[in-house]
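This report refers to the structure that appears directly beneath it.
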Amino acid sequence: MEIGSDLPPAVADRVRDSFARQGLMSLLGAELADVKAGMVTIRLPFRPELTQQHGYFHAGGTASIADSAGGYAGFTLFPEDSSVLTVEFKLNLINPAQGDWLESQGRVVKPGRTLTICQLDVWGVAPGKRTHVATGLQTLIRVQGRPA
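FYI, in the UniProt record's numbering the residues of the sequence shown are 1 to 148.
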């Protein structure tokens, strides 16, 4: 399956169902915005409760949506009877995270039978402005026999 192509409806539904069960994403108010093969976008609307002391989005929220976007990007390519866990990720915060919402995109760079590598990018979005606020890499492991 080509990265960025449309998914079969059953696979997209499996991703959306799993995302809906994530307590942290619900607590943060994050939304699954787009699901493609090997590419997932998550949006996090601004709320004062998500900020740090200077009024920017807190790095914890930024990292959380980056991690989930990458994890679900990998998950779109995994077999039905498997699940995904993050092995490690590194995120560089390159600009203050501000805007009406954050938009995180996870994209599979190297799919694998066991380990999958993803690129993580997060943007702060406001009317007429889109600022790259974080970038990173992630390693995922496919957990066989444990559906998500």
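Glycine residues also receive a C-beta, built at the ideal position from the N, C-alpha and C atoms.
For clarity, every value in this text was computed on a predicted model and none was experimentally measured.
Other residues of its chain near residue i: CB distance less than 8 Å, five sequence neighbours each side excluded
i	result
S64	L24, M25, L28 and A30
K129	G99
Reduced DSSP secondary structure (H/G/I, E/B, other) of residue i
i	result
L7	coil
T19	Contrary to the premise, residue 19 reads as Phe rather than Thr in this sequence. The answer is helix: DSSP assigns F19 an H, G or I state.
D81	coil
I141	strand
E103	strand
G60	helix
R43	strand
A97	coil
G112	coil
R14	helix
A37	coil
A69	helix
Proximity to residue i [Cα-Cα], best of the options
i	options	result
D6	V125, T76 and D81	T76
L32	S82, G99 and D67	D67
P96	V15, R14 and G55	G55
Q144	G112, I42 and L44	G112
V35	A10, P48 and K129	A10
L44	V125, R146, H132 and T131	V125
H58	F78, G74 and L93	L93
Own chain residues within Cβ distance below 7 Å of residue i, not counting five before or after
i	result
I3	A37, G38, M39, R107 and V108
A69	V40, T41, I42, S104, Q105, G106 and L120
Rounded C-alpha distance that separates residue i from residue j
i	j	result
Y127	L102	Correcting the residue identity first, residue 127 is Pro in this sequence and not Tyr. Cα to Cα, P127 sits roughly 12 Å from L102.
L91	G61	12 Å
Y72	Q53	30 Å
C118	S104	12 Å
E80	W123	31 Å
G136	F89	7 Å
T51	V84	29 Å
residue 152	P8	Because the chain in this structure spans residues 1 to 148, residue 152 falls outside the shown range and cannot be described.
Residues of its chain near residue i, where Cβ-Cβ distance is below 6 Å and the 5 sequence neighbours each way are ignored
i	result
V87	T139 and I141
residue 157	Coverage of the chain is limited to positions 1 through 148, which leaves residue 157 absent and any answer about it impossible.
Near the ligand SAH: residue i beta-carbon under 6 Å from a heavy atom
i	result
I141	The ligand SAH is absent from the structure shown, which contains no ligands of any kind.
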